[in-house]
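Undergrad: Residue numbers (this note's numbering): 12 to 621. We put the CB at the ideal spot given by N, CA and C, even for glycine. Owing to the predicted nature of the structure, the values given are computational and were not obtained by experimental measurement.
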Ligand code: SF4
């Protein structure tokens, strides 16, 4: 079986068992559960209870707190007691890294334990180890010994466990055998799940997070496929980890979480922002609500796509030039803008279009037209009338075959465009179906992807909601390798639409138009004011196109989880910062008030050398 879902063209929910976390059911027929995490010091009971209440009131159905040491794990007892006394029944979750004994304490007080297989027992050794089969088995046996008491205690107390792997924080043992890959992330979680299953414990939830939306998407897909093959049906917790802050973090979350929910995967979600934790809930609610709409869409006929869902490859298409801008084949995904209310071209987009009274789009010189066609004859007529124009023909999957002869005859002039999203339809599925039918008909016209606010599936959405839906639609298709020109019309402002288009392409890893940030959401381990620091670093570095900077709260998890960053700013000790180039620490324990300057010097030095 090469499929991770029963349908890529409409939303069929991946069947999972219900896992009870306190009184809250995750998976099965339950709605998508929303989660968040505190960023107080867990030992500070008063502050932690206050934030738990804020999160519950903002809509978090489960609330996670870090248990970074025994003192924090013990504090969970009072936090739970006071939170319940305040009238809240939301289950609490303890986040464990490195210290199994903290899990054994926390399990007494909270409804769920999250373990990271990358660091529950395995430590980074720093030097490569050649794992023979015997050594690998020996270490796995050690994991079993350390993990078993927790599983048995969870079983006795009726607690649940989330087994959550993160890209970048896999154990040396897993990396030695599988690399830092999606397969390694899934297998690491499955090793822990097998221990649970051997003990007849099945109250398990899985997560496979990454900050890279493509890797995150591919890993969850692979996990779902492998779960089905290995007869596992545990609920999935979705998240884009270290997504950062502001609009870019929301875009990445919508692409990663929303795209998977639209595919029927996911039972509980956490949008992870380097902002106040309560800010995560409105975003999570909106993404979940958009997914709930498509989860009710009607079945459509299935169709073979013939693509690999677990690694990225761009749809093969021919190159077509528009106004000297190449589109299709290996050309960068181009951005088209719609000039709103007589606006002038922004100079940022590759193509500028005007909206005509009939809803079609036209470049100012008439050399490029975007228009909906329901019959090939109308397209043929336009090709004759506008003899030198290139045309993006919006057609539906149902009539793709009928257009084949036209595409064949006008290869150098035509783009295919899936119908833009509109009320109540699974637009990603429809676009995929169109691409599959074009492939079957041997039509390699580049794809023009338009997202138009007048047609979005939830007309009542505010501007943030429209951006979420556009991110899911355009970002999801781009992550699938579909799309050669993209165009957004959701803000009522040309410059804003164009910027958002580039931001979505960056979130989907298709184009880099500015610096990229990986930032942890902060938690009880955070060693400095990460929100303020992140804002400052962004203000100084945003123009550094192509550079990825990680801003991480602590040295315990930060370096491991900043995955593919070029530079890292990591809390090393109270008041002290460590700076990294890729995975190498290059400056340690810098006083915090000098650290941003030193980071900038480090980057500027490198950029100067290029
Ligand atoms: S990297 Fe950030 S979120 Fe992760 S444990 Fe450290 S401080 Fe907490």
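1. In chain order, what residues of the same chain have a beta carbon less than 6 Å from the beta carbon of residue 311, not counting five sequence neighbours either side?
2. Could you tell me the alpha carbon to alpha carbon distance between residue 13 and residue 221, rounded to whole angstroms?
3. Of all the alpha helix (DSSP H) runs that stay within the bounds of the stretch 384 to 459, which reach a length of 4 or more residues?
4. Using only Cβ atoms and a threshold of 5 Å, which residues come within that distance of a heavy atom of ligand 1? Order them by chain position.
5. Look up residue 573 in the DSSP assignment and say whether it is helix, strand or coil.
6. Taking just the CA atoms, how far does residue 291 sit from residue 514?
7. Exposed or buried, residue 517, counting other C-beta atoms within 10 Å across all chains shown (16 or more means buried)?
8. Considering only the beta carbon of each residue, do residue 480 and residue 472 sit closer than 8 Å?
9. Less than 8 Å between the CB atoms is what I'm expecting for residue 408 and residue 441, so what's the real figure, rounded?
10. From what residue to what residue does the alpha helix (DSSP H) around residue 183 run?
11. Look up residue 530 in the DSSP assignment and give the residues it is bridged to.
12. What first and last residue would you give for the beta strand (DSSP E) that runs through residue 374?
13. Taking DSSP as the reference, what is the three-state secondary structure of residue 339?
14. Name the one or two DSSP bridge partners that residue 219 has.
15. So what does DSSP say about residue 111, is it helix, strand or coil?
16. Please work out which residues of its chain come closer than 8 Å, Cβ to Cβ, to residue 56, disregarding the five sequence neighbours upstream and downstream, and give them in chain order.
17. In terms of alpha-carbon separation, which member of 478, 483, 402 lies closest to residue 456?
18. Let's test the definition: count the other Cβ atoms within 10 Å of the Cβ of residue 180 and tell me whether it reaches 16, buried, or not, exposed.
19. Would you say the stretch 253 to 270 touches the stretch 597 to 611, given that touching needs at least three Cβ pairs under 8 Å?
20. According to DSSP, is residue 500 part of a helix, a strand, or is it coil?
21. Taking buried to mean at least 16 other C-beta atoms within 10 Å of its own C-beta, is residue 367 buried or exposed?
22. Which residues bound the alpha helix (DSSP H) around residue 125?
23. Please check the pair residue 253 and residue 572, which I expect to be a contact at CB under 8 Å, by giving their CB distance rounded to whole angstroms.
24. For the pair the stretch 547 to 562 and the stretch 289 to 305, tell me if three or more CB-CB distances fall below 8 Å.
25. Would you list the one or two residues that DSSP bridges to residue 238?
TA: Quick answer:
1. 20, 21
2. 22 Å
3. 387 to 396, 415 to 420, 438 to 451
4. 531, 534, 536, 537, 563, 564, 565, 568, 569
5. coil
6. 19 Å
7. buried
8. yes
9. 6 Å
10. 183 to 189
11. 254, 562
12. 372 to 374
13. coil
14. 176
15. helix
16. 86, 89, 90, 93
17. 402
18. buried
19. no
20. strand
21. exposed
22. Taken as a continuous stretch (DSSP letters only), residue 125 belongs to no alpha helix (DSSP H), being part of the beta strand (DSSP E) at 123 to 126.
23. 6 Å
24. no
25. Answer is none; residue 238 lacks a bridge partner.
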